[in-house]
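See below for the structure under consideration.
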Amino acid sequence: MRRLYRSPMLILAALALLVAPATAEAGTPKPPKKIIIAKLFKRAYCGPITALNGNTVAVATVTLKTVKIAAPRVGRPRLDGTPANRKTYVFPVRAFWKCDYRATALANPGDFADDKRISGDYVFFRDEFGSWTHRNKGHNVKSINGTN
1 MRRLYRSPML
11 ILAALALLVA
21 PATAEAGTPK
31 PPKKIIIAKL
41 FKRAYCGPIT
51 ALNGNTVAVA
61 TVTLKTVKIA
71 APRVGRPRLD
81 GTPANRKTYV
91 FPVRAFWKCD
101 YRATALANPG
111 DFADDKRISG
121 DYVFFRDEFG
131 SWTHRNKGHN
141 VKSINGTN
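Quick note: the sequence shown, position 49, residue 49 per my numbering, numbers continuous.
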């Protein structure tokens, strides 16, 4: 009688092992879209230029030239800045992008803002609240004289 009881338990355990890999594959995260990457870059590195009186004299446009997104990996809090005590996937990104500034109507005639050409490595991940964020792993900024 005892053997009959164990056989259904073995069948259930075997089924659980077969189902587990399928559910793990379904939970792999999706990488950030390029529009999200551009929005985060603009907010972090290409803010508007304001004059001493507080007027905005130049606004930026971010253009992604090349974006390479590597396979996701589990992030480490000290290295990647991910939340501690939580399994968080990070997406390593290598990007080359430009930040072009345009003068507004409030700018002085003849004033030009320097444009930026930026290339670097970053990691993107979702924070505790589900919003995309990133950490800079090192980038090179090259300023170019603006013409507008």
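In this text, a Cβ means the ideal position worked out from N, Cα and C, and glycines have one as well.
No experiment lies behind these values; they were computed from the predicted model shown.
Restricted to the segment 19-61, not a single beta strand (DSSP E) segment is unbroken, complete and at least 3 residues in length.
Note on isoleucine 144: under 16 other CB atoms within 10 angstroms of its CB, so exposed under the neighbour-count rule. Taking a contact to require three or more Cβ pairs closer than 8 Å, the segment 74-84 and the segment 28-46 do not qualify as touching. For the pair of segments examined, the segment 79-93 was found not to touch the segment 47-64: the number of CB pairs separated by less than 8 Å stays below three. Of the other Cβ atoms in all chains shown, 16 or more fall within 10 Å of the Cβ of valine 93; this residue is therefore buried. Proline 72 sits in coil when the DSSP states are folded into three classes, being neither helix nor strand. Contact check for aspartate 114 and alanine 60: beta-carbon distance about 11 Å, past the 8 Å limit, so the pair fails to qualify. Taking a C-beta distance under 8 Å as the contact criterion, alanine 95 and isoleucine 37 qualify as a contact pair.
Sorting Thr28, Ala103 and Gly81 by C-alpha distance to the C-alpha of tyrosine 122 places Gly81 at the top.
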